[in-house]
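The sequence shown runs contiguously to residue 537 in numbering that gives the first Met the number 0. Idealized CB from N, CA, C, for every residue including glycine. If you're wondering where the values come from, they're calculated on a predicted model, not measured in any experiment. Have a look at the structure below before the remarks.
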Amino acid sequence: MSTIENTISPGSAAYQANRDGMIGLIDRMRALEERTRAASAAAKDRFHKRGQLLPRERVALVLDPGAPFIELSTLAGYMFDVPDASKSVPGGGVIAGIGFVSGIRCMVSASDSGIDAGALQPYGLDKTLRVQELALENKLPYVQLVESAGANLLRYRVEDFVRGGNIFRNLARLSAAGLPVVTVTHGSSTAGGAYQTGLSDYIVMVRGRTRAFLAGPPLLKAATGEIATEEELGGAEMHTQVSGLGDYLAEDDRDALRIAREIMAALHWERPGKASVQFKPPRYDQGELLGIMPMDHKRPVDMKQVIARIVDDSDFTEMAPNYGPATVCGHARIEGQAIGIITNNGPLDPAGANKATHFIQACCQTRTPILYLNNTTGYMVGKAYEEAGMIKHGSKMIQAVTSATVPQITIYCGASFGAGNYGMCGRGFHPRFCFSWPNAKTAVMGGEQAAETMAIVTEAAAARRGKPIEKDRLDAMKAEIIGVFDGQMDVFSTSARVLDDGVIDPRDTRAVLSEVLAICREGDARTPQRMQFSVARP
0 MSTIENTISP GSAAYQANRD GMIGLIDRMR ALEERTRAAS AAAKDRFHKR GQLLPRERVA
60 LVLDPGAPFI ELSTLAGYMF DVPDASKSVP GGGVIAGIGF VSGIRCMVSA SDSGIDAGAL
120 QPYGLDKTLR VQELALENKL PYVQLVESAG ANLLRYRVED FVRGGNIFRN LARLSAAGLP
180 VVTVTHGSST AGGAYQTGLS DYIVMVRGRT RAFLAGPPLL KAATGEIATE EELGGAEMHT
240 QVSGLGDYLA EDDRDALRIA REIMAALHWE RPGKASVQFK PPRYDQGELL GIMPMDHKRP
300 VDMKQVIARI VDDSDFTEMA PNYGPATVCG HARIEGQAIG IITNNGPLDP AGANKATHFI
360 QACCQTRTPI LYLNNTTGYM VGKAYEEAGM IKHGSKMIQA VTSATVPQIT IYCGASFGAG
420 NYGMCGRGFH PRFCFSWPNA KTAVMGGEQA AETMAIVTEA AAARRGKPIE KDRLDAMKAE
480 IIGVFDGQMD VFSTSARVLD DGVIDPRDTR AVLSEVLAIC REGDARTPQR MQFSVARP
């Protein structure tokens with residue numbers, strides 16, 4: 000392998016401008032995450048007065064202290080709950096991530112019941128479906144901490160009701176795949192949400208707090224005229240003593256989480272061992288990742304400098320560096336784990352697409368996971384490139400991405416435009432994990448290019464009709480198009496729509512990649528036979 004030489008000048012004005020811009024975006028992201036935590040924590044007195052823990056306190060207690068935890072989709076639903084950037088509370092009403100419970104790596108999902116009583120927020124459904132998909136793909140047990148008032152009836156949409164059925168379908172699929180679903184029902188689990196509890200393998204209920212029923216007292220009275228209290232209808236004691244829905248009766252939230260951890264500890268499930276392989280950290284400061292990427296996606300950047308700060312010893316064996324050089328492909332290791340890397344030092348041309356196709360197939364042959372570091376404005380256009388077979392070679396690359404048999408991990412580091420997003424395993428191509436840096440932009444094309452394209456089309460149409468278009472009208476149309484595109488391409492918009500698995504600080508890239516590579520490796524090593532489990536009752 001060969002060491003990547005450093006070409007970064009941290010003292011330069013360009014570097015400092017990039018760094019200042021990135022830090023500003025990170026600060027904005029952290030402020031939004033803190034707003035969500037504060038909104039949930041505002042219910043602390045109310046929760047503690049009734050003997051309950053706040054949702055994030057529950058998550059902290061169920062997880063192994065000090066163990067890694069990757070929180071997912073923290074910006075989900077941003078600006079969709081209220082269209083005011085100063086008041087929107089992101090997160091989708093769900094706290095979710097991958098961590099360790101009693102030494103077992105799990106997907107953990109918790110209702111953020113400190114906000115609107117745990118009612119699912121905009122894009123909370125999409126977030127929940129995505130974390131379930133990740134649990135299925137990576138063969139992770141699923142631990143859910145439930146307390147939800149159910150759907151917000153004031154925001155009812157029939158499509159959410161229909162699509163919401165996928166949550167319950169996925170719980171059944173997890174169980175059928177041999178992946179245990181452990182649920183603590185801390186509070187309400189009402190109507191269709193009752194199946195979130197019912198479709199679990201192990202169910203812990205809390206005395207005096209759990210409520211699980213298909214129809215609560217108001218709906219029951221309205222539908223049948225029957226009158227019953229919440230406790231009579233769906234309390235923890237009734238369900239653990241009469242209906243049989245609950246398996247374990249806890250005295251309070253802490254006791255319930257203790258039981259959940261004991262259930263996980265009793266599972267016959269392989270615990271990840273610590274890697275014994277020796278490796279060297281990158282030769283260059285990972286903090287320098289803050290100043291590498293320009294805020295303007297049209298400015299060039301050498302992505303090898305990014306690779307040099309995330310791979311072991313900054314060693315990278317590049318494949319065919321002189322053929323399609325704007326597309327960089329090569330092998331490296333991250334904390335001793337082999338990985339193939341594809342990234343962009345410019346648009347994808349026919350040679351670059353051809354090289355990437357070959358490289359993807361070679362990685363599949365050796366069972367090497369692939370990392371895509373997105374930084375491209377797309378595939379090259381123009382007469383010469385069409386004649387050179389850009390469509391054909393681009394299609395082959397997209398086919399290779401689609402058909403790859405190894406885990407594929409995508410990080411949006413800069414631009415990810417047009418079909419280049421597809422060829423570089425964008426979210427639509429179901430990478431195993433997909434994260435964004437705070438400066439990343441995703442769109443079919445840049446706003447200016449879209450506006451100019453429509454201006455040309457509009458002028459041509461007007462000319463055919465013999466009616467020249469007014470310049471003011473054309474300028475207004477272009478401004479509107481640019482506004483639409485620019486308003487949807489940054490990570491605060493794309494991550495809000497759950498078009499990635501979360502936004503990460505560039506300095507955390509190596510640590511995140513190390514964890515997700517381990518998750519992929521452990522998941523792919525499991526077979527249906529090895530996923531059989533048994534449990535001793537606490």
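Item to check | Beta-carbon contacts of G215 that lie in its chain and below 6 angstroms, excluding the five residues immediately before and after | outcome: T189
Next on the checklist: Suppose contacts are defined by Cβ-Cβ distances below 9 angstroms. Is S112 in contact with V142 by that definition?
Outcome noted: no
Next on the checklist: Within 8 angstroms, do at least three Cβ pairs link the region 31–51 to the region 511–526?
Outcome noted: no
Next on the checklist: When you compare the region 465–475 with the region 244–252, are there three or more beta-carbon pairs, one atom per stretch, that lie closer than 8 angstroms?
Outcome noted: no
Item to check | Reduced DSSP secondary structure (H/G/I, E/B, other) of R472 | outcome: helix
Checklist entry - In the DSSP assignment, what residue or residues form a beta bridge with A337? => result R332
Next on the checklist: What would DSSP say about I481, mapped onto helix, strand or coil?
Outcome noted: helix
Checklist entry - According to DSSP, is T342 helix, strand or coil? => result strand
Checklist entry - For Y384, which option in D80, A352, M78 has the closest C-alpha, if you only look at C-alpha atoms? => result A352
Item to check | Contact check, Y378 vs V400, beta carbons under 9 angstroms | outcome: no
Item to check | G290 beta carbon less than 9 angstroms from that of M488 | outcome: no
Next on the checklist: Please classify K382 as buried or exposed, where buried requires at least 16 other C-beta atoms within 10 Å of its C-beta.
Outcome noted: exposed
Next on the checklist: For K138, tell me which candidate among G388, E33, L62, P406 has the shortest Cα-Cα distance.
Outcome noted: P406
Item to check | Buried or exposed by the 16-neighbour rule on C-beta atoms within 10 Å, applied to T441 | outcome: buried
Item to check | Simplified DSSP state of Q407, which is helix, strand or coil | outcome: strand
Checklist entry - For I7, which residues of its own chain have a beta-carbon under 8 angstroms away from its beta-carbon, when the five flanking residues on both sides are left out? => result Y14, Y283, E287, G290, I291, Q304
Checklist entry - Just the Cα atoms here: how many angstroms apart are G197 and C363? => result 40 angstroms
Next on the checklist: I believe S435 touches S492 by the beta-carbon criterion, under 8 angstroms. Please report the beta-carbon distance rounded to the nearest angstrom.
Outcome noted: Actually they are not in contact, since the Cβ atoms of S435 and S492 sit about 11 angstroms apart, beyond 8 angstroms.
Next on the checklist: Tell me which residues share the same chain as A403 and place their Cβ nearer than 7 angstroms to its Cβ, disregarding the 5 neighbours each side in the sequence.
Outcome noted: I359, C363, I369
Item to check | K395 burial status per 10 Å Cβ neighbour count (16 or more: buried) | outcome: buried
Checklist entry - Can D348 and A387 be called in contact, C-beta distance under 9 angstroms? => result yes
Checklist entry - Sorted by chain position, which residues of the same chain lie with C-beta nearer than 7 angstroms to I258's C-beta, five sequence neighbours on each side aside? => result V203, Y247, A249, P537
Item to check | One or two residues paired with E317 in a DSSP bridge | outcome: G329
Checklist entry - From Y194 to F212, what does the alpha carbon distance come to, in whole angstroms? => result 9 angstroms
Checklist entry - Looking at I103 and W268, is the spacing between their C-beta atoms short of 9 angstroms? => result yes
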